[in-house]
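J.: Residue numbers (the working numbering): 0 to 327. Glycine included, every Cβ here is placed at the ideal spot set by N, Cα and C. Just so you know, these numbers come straight off a predicted model, no measurement behind them. My questions all concern the structure below.
Printed below as a string of structure tokens:
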């Protein structure tokens, strides 16, 4: 078995047919699909069952409790038998030659990781792919610092879905996903930890993975314990890089940049959603009184505030910046 494709599924009935069809139609046929339903309340599980009746490459599992995407992926890793492991989100889809193209790079070089580019498909029908940095820039250090805080438009090496990972290497470094209910951006922590272990990797400059941007998804709605989960992730990544002696001045600058940029997400997350005024006020106070946030913000200027298309968001960000920069 060349590639095990792990697909966590939760309430994805509107997208699941396209996702499964794109994986099953791969030109690389020596693959297995590990579909794990995370207690869906729609017809997702029934859809997977129907597909499994027609293609014996599909293995179905169902969680007894809703555990989230990160831990569901771990369950897939545990049962995978492929030489390489891949991940696909159930609302996304892939080009038919993706795994053939990625796997072919491993035949002569035995890479531990092979990546490709991805494209963001927006609800308005517009698609946008990240700008690819020059090939000579694709070093371990570059991938890590871009993972911490990207400097290139839309480019980020943090998604696990535009990659194939050597399963034996994952087991060698004993790597698993943390729960996104404890650690913010569990994908980011997983990939930076993988890269910090100094794998032999290759970045194929082709676009095969389609990431569906859905307004109203978990990435675009209120996030509980947002700040606490961020710092849990932040501290774990710092610990990993320190252990592997990768901390540098540039790495520290990226950590500061990332914290500064996400500070406004903390504020918008608190102020922009349907909560009582008192709850908003108390949560906002907790953010601006956090010395890690206020002291970091003082190192930046108004021109560094992340761009926003919404006038209201721009005003909220400026308001937060003035308080953090000058009043704390």
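Count the C-beta pairs between the segment 253–263 and the segment 202–211 that are closer than 8 Å, then say yes if the count reaches three, no if not.
T.: No, because fewer than three Cβ pairs between the segment 253–263 and the segment 202–211 fall closer than 8 Å, the two stretches do not touch.
J.: Have a look at residue 40 and residue 49 and give me their C-alpha separation to the nearest angstrom.
T.: Each residue's alpha carbon lies about 17 Å from the other.
J.: Going by CA-CA distance only, name the one from 263, 284 and 100 that's closest to residue 301.
T.: Checking every option, the nearest Cα to that of residue 301 belongs to 263.
J.: Residue 223: which of 231, 259, 258 and 268 sits nearest, CA to CA?
T.: Of the candidates 231, 259, 258 and 268, the one whose C-alpha sits nearest the C-alpha of residue 223 is 268.
J.: Give me the residue from 119, 212 and 173 with the minimum Cα distance to residue 77.
T.: Of the candidates 119, 212 and 173, the one whose C-alpha sits nearest the C-alpha of residue 77 is 173.
J.: Nearest-angstrom Cα distance between residue 217 and residue 168?
T.: Legend: pLDDT at residue 217 = 46, less than 50; position of this residue unreliable, value from coordinates given subsequently. Spanning the two alpha carbons is a distance of roughly 31 Å.
J.: Assuming contact is defined by CB atoms lying nearer than 8 Å, are residue 289 and residue 200 in contact in what I supplied?
T.: No. Outside cutoff.
J.: Can you give me the Cβ contacts of residue 149 inside the same chain, cut-off strictly under 8 Å, excluding the 5 residues immediately before and after it?
T.: Closer than 8 Å at the Cβ level, and outside the excluded window around residue 149, lie 155.
J.: Could you give the DSSP three-state label for residue 73: helix, strand or coil?
T.: In the structure shown, residue 73 sits in a helix (DSSP, three-state: H, G or I).
J.: What runs of the alpha helix (DSSP H), each 4 residues or longer, lie entirely inside the segment 235–311?
T.: Fully enclosed alpha helix (DSSP H) runs of 4 or longer: 248–270, 276–287 and 290–296.
J.: Taking DSSP's pairing of strands, which residues face residue 34 in a bridge?
T.: Partner(s): 6 and 59.
J.: Closer than 8 Å by C-beta to residue 122: which residues in its own chain qualify, once you throw out the five before and the five after it? Chain order, please.
T.: Excluding sequence neighbours, residue 122 sits near 212, 213 and 214.
J.: Does the distance from the C-beta atom of residue 190 to that of residue 234 stay below 8 Å?
T.: Contact flag unset, no.
J.: Leaving out five residues before and five after residue 38 in sequence, what residues of the same chain have Cβ atoms less than 6 Å from its Cβ?
T.: Within the same chain, residue 38 has close Cβ partners 62 and 65.
J.: Is the segment 2–20 touching the segment 84–103, taking contact as three or more C-beta pairs under 8 Å?
T.: Yes: at least three Cβ pairs fall under 8 Å.
J.: How would you label residue 306, buried or exposed, when you count the other beta carbons within 10 angstroms and need 16 or more for buried?
T.: So residue 306 ends up on the exposed side.
J.: So for residue 116, helix, strand or coil by DSSP?
T.: It is a strand residue.
J.: Once the 5 residues before and after residue 79 are set aside, which same chain residues still bring their CB inside 7 Å of it?
T.: Excluding sequence neighbours, residue 79 sits near 3, 5, 33 and 166.
J.: To which residues of the same chain is residue 144 closer than 7 Å at the C-beta, ignoring the five residues directly before and after it?
T.: Within the same chain, residue 144 has close Cβ partners 249, 250 and 253.
J.: Less than 8 Å between the C-beta atoms of residue 67 and residue 178, yes or no?
T.: Against a cut-off of 8 Å, the Cβ pair of residue 178 and residue 67 comes out as a contact.
J.: Quick check on the DSSP output: the beta strand (DSSP E) that includes residue 211 runs from which residue to which?
T.: Residues 200–211.
J.: Helix, strand or coil: how does DSSP classify residue 176 here?
T.: In the structure shown, residue 176 sits in coil (DSSP, three-state: anything other than H, G, I, E or B).
J.: If you follow the alpha helix (DSSP H) that residue 51 is in, where does it begin and where does it stop?
T.: It spans 43–53 - the alpha helix (DSSP H) in which residue 51 sits, taken as one unbroken run.
J.: Per DSSP, what kind of secondary structure is residue 171 in: helix, strand or coil?
T.: Reduced to three states, the DSSP call for residue 171 is helix.
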